[in-house]
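Participant: Counted the way our numbering counts, the sequence shown spans residues 7 to 1100.
Cβ atoms here follow ideal geometry from the backbone N, Cα and C, with glycine treated the same way.
Before I ask anything, let me first share the structure, which is written out below as structure tokens.
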Amino acid sequence: MGERFVVVPVDGGAGVVGDREPSDAVVSDPAPDTGGSAGGGRAAAEEIEEGEDSVFEPQDPNTVVPILEYNREPNKYGDGVPKENSPFINNTENDKGNSYDGTNMALFEEEMESNPMVSSLLNKLANYTNLTQGAQEHEEADEDEGSKKKAVKSPQMGTFMGVYLPCLQNILGVILFLRLTWIVGTAGILESLAIVCLCCSCTMLTAISMSAIATNGVVPAGGSYYMISRSLGPEFGGAVGLCFYLGTTFAGSMYILGTIEILLTYIVPKAAIFVAEKKEDELNALLNNMRVYGTCCLALMSVVVFVGVKYVNKLALVFLACVILSIFSIYAGVIKTIFEPPDFPVCMLGNRTLQNLNFDKCLKTDFLDNMTVTTKLWSLFCDGPELNATCNEYFDNNNVTMVQGIPGLTSGVISANMWSVYGPLGMMVENNELSSLGGSDSAQDIYMPYVINDITTFFTLLVGIYFPSVTGIMAGSNRSGDLRDAQKSIPIGTILAIATTSFIYVTCVVLFGASIEGVLLRDKFGDSVKGNLVIGTLSWPSPWVIVIGSFFSCCGAGLQSLTGAPRLLQAIARDGIVPFLQVFGHGKANGEPTWALLLTGGICEIGILIASLDAVAPILSMFFLMCYLFVNLACAVQTLLRTPNWRPRFKYYHWALSFLGMSLCLALMFICSWYYAIVAMAIAGCIYKYIEYRGAEKEWGDGIRGLSLNAARYALIRLEEAPPHTKNWRPQVLVLLNVDSDQAVKHPRLLSLTTQLKAGKGLTIVGNVLEGTYLTKDAEAKRAEQNIKSSMSAERTKGFCHVVVSSNLRDGMSHLIQSAGLGGMKHNTVLMAWPGAWRQSNDPQSWKNFIETVRESTAAHHALLVAKNVDSFPTNQDRLGEGTIDVWWVVHDGGMLMLLPFLLRQHKVWRKCKMRIFTVAQMDDNSIQMKKDLQMFLYHLRLDAEVEVVEMHDNDISAFTYEKTLMMEQRSQMLKQMQLSRTEREREAQLIHDRNTASHATINDKAETGPDRVHMTWTKDKLFAERNRNRECNANVAVRDLFNMKPHFSLCAWPHRTDAHMNTNTCPSKTDLTIKCVDFITCVPVHLQVHLKE
């Protein structure tokens, strides 16, 4: 079979390779003897192979175009179907260089059609397997270890063998054989039908969503985990994948417990290690036996799986045959009851059901040899075998009767089994249609051989116990790599399997209720029919058909779980999204997940130690329901977002169906067990947050990212509809950051301040401007952006980075201030560092850019924050002890400056610092009243701060605010008009400064003879104390002491609104930059200082 078609290039023209699916024909390289043009063809073919949508664009007119050429050389790339890179598949380094001599058997379907249908079917049955794709490849690696691998066979499984039968085998299982009759007897036919319809509707809706996802591209091994993770992202995929893994593991526990229950209760009851001496100890003895035998069975199954799944594979047909034969025997037995009901009498004492284990005859006394003798039943209720022995009062007052356990389909018993009979733990199974006289003693009844409830029964409990019987719908999607046409087989096979099993369950509910007596239905372990399996009493030709069939079915399902669960964990571990699970991605040389198998066995042992099938079933129901919930969510999200990549071949789906399935899954979780549901959701939530913060970054094109984009677009449009309210105001910061010549961040502490100011809330945009053109600075811009992002990550600054390349820095800053942000998410505050070494710089452009930035921020109505000595600011790792944050509140700006220290104190760096508010008052003002008003203002703002009022004379205020600013502005204009040289301008500026200083000194000298004009007012008592101080302390000293309080660092802030007394056109001017920071306070409306105690 060495003949094939290959792509080789020929001269002339241009060609386009059309759009195709990722798994379509892979173009292989031509034979070596195709000459020089073959090399170009090989390169082109490899390029086409790598891409999903490839376009062949010739670079020059002489470029060759590939066409198909017939070649007889063996195809060293196999059948043309690329092997999916999946964690389930054993992709070793040696595989990359191996050659496979396989052929695509789909080309020879004509030959297969000529074969007889019977032989083809028998051949497929002989090769039937219920294992996943990855397990089979590991099996092949086992057989071919150390030798050349066999030819890889192309996928040949169809819908029936590849999807329908595996799903049927996985769905029908232990609950059908061991608990369905009990559920029907307890819940009644109507409520049992409601339970079945509820659960089957959930799985049918999930199957529809799963079919849509599975047909939207290739689904390799991994099944539901792959679908969810690639549709909803690694966080959801990892969380739900681990929940699905836990569900599959606990399913293994449930199947093993079912196996042991069948073994010890119905096959070899004498094999029990723990035997109860008293009736009340029977339940504990049964649980202990389940634990011991369950642990041994788990160890044995784990060894079988570890040795090789090929042995499990060889028994797959046996397990399948057991399930099918058991189902047929049930229907055959029901039909037989119409003509000849089986003889399984149930002994009743009054209306109470008796355990028919320790007596042969359902009689109190018997007549033998003309003598009345007591029976074994008598000795169970009386002190001795004598006729005059003291007996139980209820035993004396009621007669013993026998009812037929299987009255038959036409007996009319269906009317009595229509309604539910729930009861507490220890309630006796009774037939209310029979007469009963009083005289019972509840304290003594527990020691009598009555059939009682071993658990408290209610509707929601039965839902949780029944739901595992409808799971297993993922068997088809797990085997997609083995299917000839997965996109056709998965939907048809899965939906048909669910429809078939739903029909089986519905008919079984009705037939059980119509054929079996109610007291026998409620007898969970068949104690009233000599320990027979209840469903076995109905089967034909023998109860042993069901007993043996259910035993092997549970064994096979347990092996299936122990085979699939470790591979699912291995798939999650090899994806690398959960770091602490990476060790479970390793295994044997052939890829068998050894470590994952050990963990699976350990978790499975937890379920076995619970030892109760009824307690384990709701646990795995939670995990499966959560998995199905997210499958429906994935389909609904993809459909509603209408992403271009969402093109499933399965068309019979709708987002409403997916949403209904998701809601039904969520409702069933809380119906089954609300506390288990909360625990399962908490586990998934913890895993989700762990992957989000610590997991590996994966980009799978998931739907959650698309949902985030749509939600962001919707939110931005809503923000544009109305301006933000004052209550919702918070600083949305644009941080103007500088980088050095190596594109490294100059002031990383500016990012620390941003983090401390924002505490992760609101919008943060970190902007930077590079001087030049974008064509020449492209690489530098990307490097600067990368460095800024690294610094943001190091400083834990949550926000966006925006690097702009402009012809000059001034225009770049202007562009950032004008255009940064999007829609309603725009900045309202600009944060920048004070220009350093601007006095020593020969280039005046540094402080000119700063001034223009201040003016443009004011023009844009943005608040401006300028951090001086920013490199001295604390880092995020620092913890400031006792210190103060001083706010000089010169202009009432609506409370913005009050908000800044409050926001800083929310961060753990500043949490222990105190806040002080300084305000300036004239001598004629009522300082005490001003302080009270300011304290009341802070109270209404809900801010905790100390208030201090500084009293100053009008001349001082005028000198420090108006005069100096206006005079310096006038001097600057005069210097410009004089057109002096640089040296003369510096000399003139120095003279102006000296004269101004002298004028202030004259004012202060004149004030020495007057009253004290500067006060620090805290309280009324302190005010009087200040006025009674020594008159020798003059106002000049007080002013100088006040402003000589040097902070460690300072933050100057301009609000976007200005006071009527402030002239924004003159504050600050470029000459004002020569003023010290203390004088700078007088120029700007607000100022904030930080003082740290030594």
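(1) So, helix, strand or coil for Leu568, using DSSP?
(2) By Cβ distance below 8 Å, which residues in the same chain neighbour Leu363 in space, the five residues on each side in sequence not counted?
(3) Between Ser385 and the rest of its own chain, which residues show a CB-CB distance below 8 Å, the 5 nearest in sequence each way excluded?
(4) Can you give me the C-alpha to C-alpha distance between Val876 and Leu822, rounded to a whole angstrom?
(5) Given a cut-off of 8 Å on the beta-carbon distance, is the pair Val195 and Met480 in contact?
(6) Would you kindly work out how many angstroms separate the C-alpha atoms of Gly562 and Ser308, rounded to a whole number?
(7) According to DSSP, Ser812 sits in a beta bridge with which residue or residues?
(8) Could you check the C-alpha separation between Cys807 and Val772 for me, to the nearest Å?
(9) Could you check the C-alpha separation between Ala579 and Ala571 for me, to the nearest Å?
(10) For Val751 versus Ile794, is the C-beta distance shorter than 8 Å?
(11) Pop quiz: Val551 and Ser335 are said to be a contact at Cβ under 8 Å. What is the actual Cβ separation, rounded to whole angstroms?
(12) Hey, how far is the Cα of Asn517 from the Cα of Ala338?
(13) What are the uninterrupted segments assigned as beta strand (DSSP E) that are 3 or more residues long and contained completely in the segment 520 to 595, given in chain order?
(14) Beta-carbon within less than 7 Å of Gly607's beta-carbon, same chain only, minus the 5 sequence neighbours each way: which residues are those?
(15) What number of angstroms, rounded off, separates the C-alpha of Leu186 from the C-alpha of Leu467?
(16) Residues in its own chain within less than 6 Å of Gly253 by CB, not counting five upstream and five downstream?
(17) So, under 8 Å CB-CB, Thr790 and Val836 are touching, yes? Tell me the CB distance rounded to an integer number of Å.
(18) Closest to Ala787 by CA distance: which of Met798, Ser796, Asn774 is it?
(19) CA-CA distance, Leu211 and Gln792?
(20) Can you look up Leu304 in the DSSP assignment and give me helix, strand or coil?
(21) Since Cys173 is in the alpha helix (DSSP H), which residue starts that stretch and which ends it?
(22) Using the three-state DSSP reduction, which class does Gln493 fall into: helix, strand or coil?
(23) Note the first and the last residue of the continuous beta strand (DSSP E) segment covering Val872.
(24) I need the DSSP call for Asp620, collapsed to helix, strand or coil.
(25) Quick one: what's got a C-beta closer than 6 Å to Thr255's C-beta in the same chain, skipping five residues either side?
(26) Between Thr506 and Pro348, is the Cβ-Cβ spacing less than 8 Å?
(27) Suppose you measure from the CA of His868 to the CA of Val809; what does that come to, to the nearest Å?
(28) Identify every residue that forms a DSSP beta bridge with Lys920.
(29) Is the segment 350 to 368 in contact with the segment 432 to 448, if contact means three or more CB pairs nearer than 8 Å?
(30) How would you label Arg911, buried or exposed, when you count the other beta carbons within 10 angstroms and need 16 or more for buried?
(31) Would the beta-carbon of Gly191 fall within 8 Å of that of Ile710?
(32) Between which two residues does the beta strand (DSSP E) harbouring Glu197 extend?
(33) If I measure Cβ to Cβ from Tyr696 and keep anything under 8 Å in the same chain, skipping five residues before and after, which residues do I get?
(34) Let me make sure I understand the geometry here. Which of Gly768, Arg719, Arg922 has the alpha-carbon closest to that of Val739?
(35) Where do the N-terminal and C-terminal ends of the alpha helix (DSSP H) with Leu666 fall, by residue?
(36) State the DSSP-derived secondary structure class of Ala718, mapped to helix, strand or coil.
Facilitator: The structure says:
(1) helix
(2) Cβ within range, chain order: Pro455, Asp533, Lys536, Gly537.
(3) Counting only Cβ-Cβ distances below 8 Å, and skipping sequence neighbours, we find Pro391.
(4) 21 Å
(5) It is Ile, not Val, that sits at residue 195 in the sequence shown. In this structure, Met480 does not lie closer than 8 Å to Ile195 by Cβ.
(6) So the two alpha carbons sit approximately 13 Å from each other.
(7) Its beta-bridge partners are Glu777.
(8) 5 Å
(9) 12 Å
(10) yes
(11) 4 Å
(12) Note that residue 517 is Leu in the sequence shown here, rather than Asn. Their backbone Cα atoms lie some 11 Å apart in a straight line.
(13) Fully enclosed beta strand (DSSP E) runs of 3 or longer: not present.
(14) Leu304, Ser308
(15) 13 Å
(16) Leu626, Phe629, Phe630
(17) According to the sequence as given, residue 790 is Ala; it is not Thr. With a Cβ gap of about 19 Å, Ala790 and Val836 do not count as contacting.
(18) Asn774
(19) 46 Å
(20) helix
(21) Start and end: 171 to 177.
(22) helix
(23) 869 to 874
(24) helix
(25) Apart from the 5 residues on each side of it in sequence, Thr255 sits with its Cβ closer than 6 Å to the Cβ of Ala571, Thr606, Ile609, Cys610 in its chain, given in chain order.
(26) Cβ distance not < 8 Å, so Thr506 and Pro348 don't count as in contact.
(27) Each residue's CA atom was taken as its position, placing His868 and Val809 some 20 Å apart.
(28) Beta-bridge pairing links Lys920 to Thr890.
(29) yes
(30) buried
(31) no
(32) First-last for Glu197: 186 to 220, but that is the alpha helix (DSSP H), not the beta strand (DSSP E).
(33) Val584
(34) Gly768
(35) 661 to 678
(36) helix
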